[in-house]
Amino acid sequence: MTDHKAFPTQEIGSLPKFSWRTKPFRQQPLEEGDIAVARAWGRRLGVKNLDSLLRLLKKRNGFTDEERRRIVEFSMLYAIAMQEKAGEHLREPGLDLVWSGEQARTEMYETPVSNIEGFEFLGRVRSFDNKYWREASVRRKPAYVRDYHLDEFLYTKSHARRSPKIPVTDAITIVAWSDHYYYTRKWGRKSLPPAAKRSSARREMTLELAGVIRRVVRDLIRRGAREIQLDSPAATQYQTVEDAKLVAESFNETTRGLDGT
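Using the numbering used here, you'd call the opening residue of the sequence shown number 125 and step up by one each time.
Dropping the structure here:
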């Protein structure tokens, strides 16, 4: 447990996905080198039932949905084991908090947006170098559909020897990386200066999204989550005093009324 530690050790960001994890979802055949990497790392990390994974990967192509699900689960086991064995030559190796390393997610933006009602994807936007992400537009008021991180958390919890955590992308980041169509149209009809229309639209979208994410966090707490990391990389894009107040307001709205906050 981590109750006695002011600063528990943990991996804040995601872990890169192995090629044997990504290729089956891109309809790309696995090569012998991909399987060799799975074998070598699986042995080093002491992954349970490794032979089962290797037999599955030898299929190389044409994986079923169920087989892809099993591949994702094994990828999570690798990520958990990497964190629990970090600094393996130290007297007390391993991180205090561990998670799936984002192995079960497309990425930190697309996964939540795909599971919140009201968004439609527009297309791919270049992030940097050869990295792209799918931008979405909010077309109607966002609504809760399901806890899209619950299965991931429960799997981590059932297989981790250390305390599990679950990162959740916050409203600030989703708003910053999305098109605000619904709210821009709504506030565009108001008799306000253009800047006030934009800030009001952004604030309303942020707080309504925070309410949706609060339900996600609440459900995780009810299922045993004790360490929840609200991810807000886009907060650094907010430079003014008004922006900083909105970041704080979003956090407070997300955690309002929840146990342990």
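Note that beta-carbon positions come from the ideal geometry of N, C-alpha and C, so glycine has one too.
Whole-Å CB distance - I204 paired with T146, under 8 angstroms assumed: No, I204 and T146 are not in contact; Cβ-Cβ is about 18 angstroms, not under 8 angstroms.
Environment of R273 [buried if 16+ CB atoms lie within 10 Å]: Note on residue identity: the sequence assigns His, not Arg, to residue 273. If you draw a 10 Å sphere on the C-beta of H273, you find 16 or more other C-beta atoms in it, and that means buried.
C-alpha gap between V222 and E351, whole angstroms: One Cα belongs to V222, the other to E351, and the distance between them is close to 10 angstroms.
First and last residue of the uninterrupted alpha helix (DSSP H) at L344: DSSP places L344 in the uninterrupted alpha helix (DSSP H) bounded by 318-346.
Inter-residue Cα distance where the pair is I136 and E241: Between I136 and E241, the C-alpha separation is close to 28 angstroms.
Range covered by the beta strand (DSSP E) that runs through T293: Unbroken beta strand (DSSP E) run through T293: 290-293.
For K289 and I195, the rounded distance between their alpha carbons: Roughly 21 angstroms separates the two Cα atoms.
Coarse secondary structure for F310, derived from DSSP in three states: Per the sequence shown, residue 310 should be read as Lys rather than Phe. K310: helix per DSSP, three-state reduction.
N-terminal and C-terminal residue of the alpha helix (DSSP H) that P236 is part of: Looking at the DSSP string, the run of the alpha helix (DSSP H) that includes P236 is 234-238.
Cα-Cα separation between T385 and A372, rounded to whole angstroms: Low per-residue confidence applies at T385: pLDDT is 48, beneath 50, and the placement is therefore not dependable, though the value from the model is reported in the following sentence. The C-alpha of A372 is placed about 14 angstroms away from the C-alpha of T385.
Touching by the beta-carbon criterion (3+ pairs, under 8 angstroms), the segment 331-351 and the segment 258-278: Enough Cβ pairs lie closer than 8 angstroms, so yes.
Cβ-Cβ distance between I159 and K129 below 8 angstroms: The criterion of a C-beta distance shorter than 8 angstroms is not satisfied by I159 and K129.
Residue interval of the beta strand (DSSP E) (run including I352): Taken as a continuous stretch (DSSP letters only), the beta strand (DSSP E) holding I352 covers 352-355.
Chain-order list of residues whose beta-carbon lies under 6 angstroms from that of E244 (same chain, five-residue window excluded): Counting only Cβ-Cβ distances below 6 angstroms, and skipping sequence neighbours, we find S261, R263.
Closest residue to I296 among N185, T360, A349 (Cα-Cα distance): It is T360.
Proximity of E328 and Y362 at Cβ, strictly below 8 angstroms: Contact: no.
Alpha carbon of M232 to alpha carbon of G381, nearest angstrom: One C-alpha to the other measures close to 25 angstroms.
Rounded straight-line distance, which links the Cα of V171 to that of E226: Between the alpha carbons of E226 and V171 lies a distance of about 18 angstroms.
Distance, A325 Cα to P318 Cα: Between P318 and A325, the C-alpha separation is close to 11 angstroms.
Residues near Q207 in its chain [Cβ-Cβ closer than 6 angstroms; skip 5 each side]: Around Q207, the same chain offers E135, L219, V222 as residues with beta carbons nearer than 6 angstroms, after the five sequence neighbours per side are excluded.
Reference E191; option with closest CA among W144, R168, K209: That would be W144, whose Cα lies nearest to the Cα of E191.
Chain B contact for T280 (CB, 8 angstroms cutoff): Looking for chain B here will not work: only one protein chain is present.
Cβ pair E259, D303 closer than 8 angstroms: Yes, they are a contact pair.
Span of the beta strand (DSSP E), counted from its first residue to its last, around E259: Element bounds for E259: 255-268.
Inter-residue Cα distance where the pair is G211 and G166: Each residue's alpha carbon lies about 17 angstroms from the other.
Segments of 4+ residues assigned as alpha helix (DSSP H) that fall wholly inside the segment 160-234: The segment 160-234 contains these whole alpha helix (DSSP H) runs: 174-181, 189-208.
Limits of the unbroken alpha helix (DSSP H) element including S143: 143-146 is the extent of the alpha helix (DSSP H) around S143.
Rounded C-alpha distance that separates M125 from E216: Because M125 sits at a pLDDT of 44, beneath the cut-off of 50, its placement in the model cannot be relied upon, and the following sentence gives the value as read from the coordinates. About 14 angstroms.
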